[in-house]
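S.K.: In this text, residue positions in the sequence shown follow the working numbering: the first is 3, and each later residue adds one.
Virtual Cβ for every residue (Gly too), placed ideally from N, Cα, C.
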Amino acid sequence: MTRPLDDLDRLFEILHGGTLCPTCRGKGGYSKITDDEMKAIMKNAVDYVNKFSVMKKTDPARYEKPIQYGSEVARQWDEPAVP
Ligand SMILES: [Zn+2]
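Right, dumping it as structure tokens:
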């Protein structure tokens, strides 16, 4: 089965790959994501929210697959800090 969030995984691999910046070395106060990368993340989020919103209305059976997958993955995450 193709994972529904493969595009997002690839985006994060691109953003998180590479070596630590030799100038700031991971110190806080320095931007680590370019405006274009941030825009790509936000556009991806909007695209997926829209995709699933449309799918929920037009093809509820298909919609359930990625929701089920997300629920299974989310069980492994930490509890939310905000209840
Ligand atoms: Zn840097």
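What number of angstroms, rounded off, separates the C-alpha of T21 from the C-alpha of A42?
M.R.: Sequence index remark: in the sequence shown, residue 21 carries index 19 (1-based). Sequence index remark: in the sequence shown, residue 42 carries index 40 (1-based). Each residue's Cα considered, the two are about 21 Å apart.
S.K.: Excluding the five sequence neighbours on either side, which residues of its own chain have a C-beta within less than 8 Å of the C-beta of T60, listed in chain order?
M.R.: Taking the sequence shown and counting its residues from 1, the one referred to as residue 60 is at position 58. Listed in chain order, the non-local C-beta contacts of T60 below 8 Å within the same chain number zero, local neighbours out to five positions each way being set aside.
S.K.: Skipping 5 residues on each side, what residues in its chain have a beta carbon closer than 7 Å to that of R64?
M.R.: Residue 64 sits at position 62 when you count from the first residue of the sequence shown. For R64, where only same-chain residues beyond five positions count, the Cβ hits under 7 Å are M57.
S.K.: Any idea what DSSP makes of T21, helix, strand or coil?
M.R.: Taking the first residue of the sequence shown as position 1, residue 21 is located at position 19. Three-state DSSP puts T21 in coil, outside helix and strand.
S.K.: With respect to the alpha helix (DSSP H) encompassing V56, which residues constitute its N-terminal and C-terminal limits?
M.R.: Numbered from its first residue, the sequence shown carries residue 56 at position 54. Start and end: 37 to 60.
S.K.: Got a sec: does ligand 1 put a non-hydrogen atom nearer than 7 Å to the Cβ of T21?
M.R.: Within the sequence shown, the letter at position 19 stands for residue 21. Checking the Cβ of T21 against ligand 1 gives no.
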